[in-house]
Amino acid sequence: MTTTHSTPHQKIRDLAKAKKAIILAHNYQSAQIQDVADLCGDSLEMSIKAAATDAEIIVCCGVRFMAETAAILCPDKIVLMPNPDAGCPMANMVTPEALLKRKEELGGIPVITYVNSSAAVKAVSDICCTSANVVQVVNALKEDEVLMTPDRNLARYAAAHTDKKVHLWDGYCPFHNDLSVEAVKASKAAHPKALFVAHPECTPEVLELADSIQSTSGMIRFVGESSADQFIIGTEIGLLHPISKAYPEKTFFPVSDQLVCADMKKTQLQDIWDCLENMSGRVVIEETIRIKAMDAVKKMINTK
2 MTTTHSTPHQ
12 KIRDLAKAKK
22 AIILAHNYQS
32 AQIQDVADLC
42 GDSLEMSIKA
52 AATDAEIIVC
62 CGVRFMAETA
72 AILCPDKIVL
82 MPNPDAGCPM
92 ANMVTPEALL
102 KRKEELGGIP
112 VITYVNSSAA
122 VKAVSDICCT
132 SANVVQVVNA
142 LKEDEVLMTP
152 DRNLARYAAA
162 HTDKKVHLWD
172 GYCPFHNDLS
182 VEAVKASKAA
192 HPKALFVAHP
202 ECTPEVLELA
212 DSIQSTSGMI
222 RFVGESSADQ
232 FIIGTEIGLL
242 HPISKAYPEK
252 TFFPVSDQLV
262 CADMKKTQLQ
272 DIWDCLENMS
282 GRVVIEETIR
292 IKAMDAVKKM
302 INTK
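Heads up, the sequence shown is in this note's numbering, so the first residue is 2 and it goes up one at a time.
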């Protein structure tokens, strides 16, 4: 991608327009990727936008399960992943075979699977959820017991907001799970006027220290609705970019500089150009898996 006469961003935008493509980016992507995207959001927002778009090509800047979700929902679209090596460690902590075995051991109770999971795992799940709607999804089911996978911390958060019995899967997001109480207390001591907003993928001990627990999109909304002007952001540092753009008059501090998802940072501008120019990195889901996974994802989207 040459930069003569126009910026790399403009060249990508022009190419996307010519290809009738839409570029979606997760809130954890680097600033330059977010700035070139048509829409930035959390996993739920990306899923809804993918399902609703009339674009012919969806470029999914995130990790593999996000591109798979777009392909699940949009079989008539071409879904491209700029960097196919961008995976999710938590998604790799559960397999369909192990999940089916555990479901049988628990008597066939409903399986709620976080969208941070493979298409094959979604296909053997009853319904999906995101961090933004997990409580609504759990409470929407009529059964008194559910199995949640793969994030144990999200499951514990949901269990605290329902009367149902929630069985855990022993998976986790490495960087959220590693955020320590000590780091949070140090940040709160350094910024005593700031509210601490935490992601539900953090441990219960960290969540106990939070002034609010929100998904990434929820954090942005919370900041906008709050009268406070200082916030400690307890999630991946990529969120500091969109939240600072949305509310430049407010001040934001990362709870820790260590909250970095290496996979989310793999996608570069050149990757987006290359995948559009060469139509590379296409994500295709085997049809029998796609149909079953689509049922679980659509149930999530339709949950109120």
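By construction, the Cβ of each residue, glycine as well, lies at the ideal position given by its N, Cα and C atoms. In this text, all values refer to a predicted model and were calculated from it rather than measured experimentally.
Measuring alpha carbon to alpha carbon, tell me which residue in Leu25, Thr150, Leu81, Asp264 is nearest Ser281.
Leu81
Residue range of the beta strand (DSSP E) that includes Thr112
Per the sequence presented here, residue 112 reads as Val, with Thr not at that position. Element bounds for Val112: 112-115.
Three-way DSSP call (helix, strand, coil) for Glu202 in this model:
coil
Does Arg65 pass the burial test, meaning 16 or more other C-beta atoms within 10 Å, or should it be called exposed?
buried
Using a threshold of 8 Å, state whether the C-beta atoms of Asp264 and Cys89 are closer than that.
yes
Please classify Thr252: does DSSP put it in a helix, a strand, or coil?
strand
Shortest alpha-carbon distance to Asp145 belongs to which of Ser132, Ala124, Leu107?
Leu107
Quick test of the definition: if touching needs 3 or more C-beta pairs under 8 Å, does the region 193-209 touch the region 167-181?
yes
Does DSSP classify Cys75 as helix, strand or coil?
coil
Which partner residues of Thr150 appear in the DSSP bridge assignment?
Thr114
Buried or exposed for Ala32, going by 16 or more other Cβ atoms inside 10 Å?
exposed
Under the three-state DSSP convention, the category Val95 falls into
coil
Beta-ladder partner(s) of Cys130, from DSSP
Tyr115
Here's a check: name, in chain order, each residue in its chain whose Cβ is nearer than 6 Å to the Cβ of Asp39, leaving out the five neighbours to either side.
Ile23, Ile24
With Ala124 and Ile290 assumed to form a contact (beta carbons below 8 Å), what rounded beta-carbon distance in angstroms separates them?
5 Å
Around the Cβ of Glu209, are there at least 16 other Cβ atoms within 10 angstroms (buried) or fewer (exposed)?
exposed
So, using beta-carbon positions, are Pro151 and Met91 closer together than 8 Å?
yes
Let me check one thing: in DSSP terms, what residues is Ala19 bridge-paired to?
For Ala19, which the question treats as bridged, DSSP gives no partner whatsoever.
Ordered along the chain, which non-local residues of its own chain (more than five positions away) have a Cβ less than 7 Å from that of Val224?
Phe232, Ile244, Tyr248, Lys251
From Ile73 to Met301, what distance separates their C-alpha atoms?
13 Å
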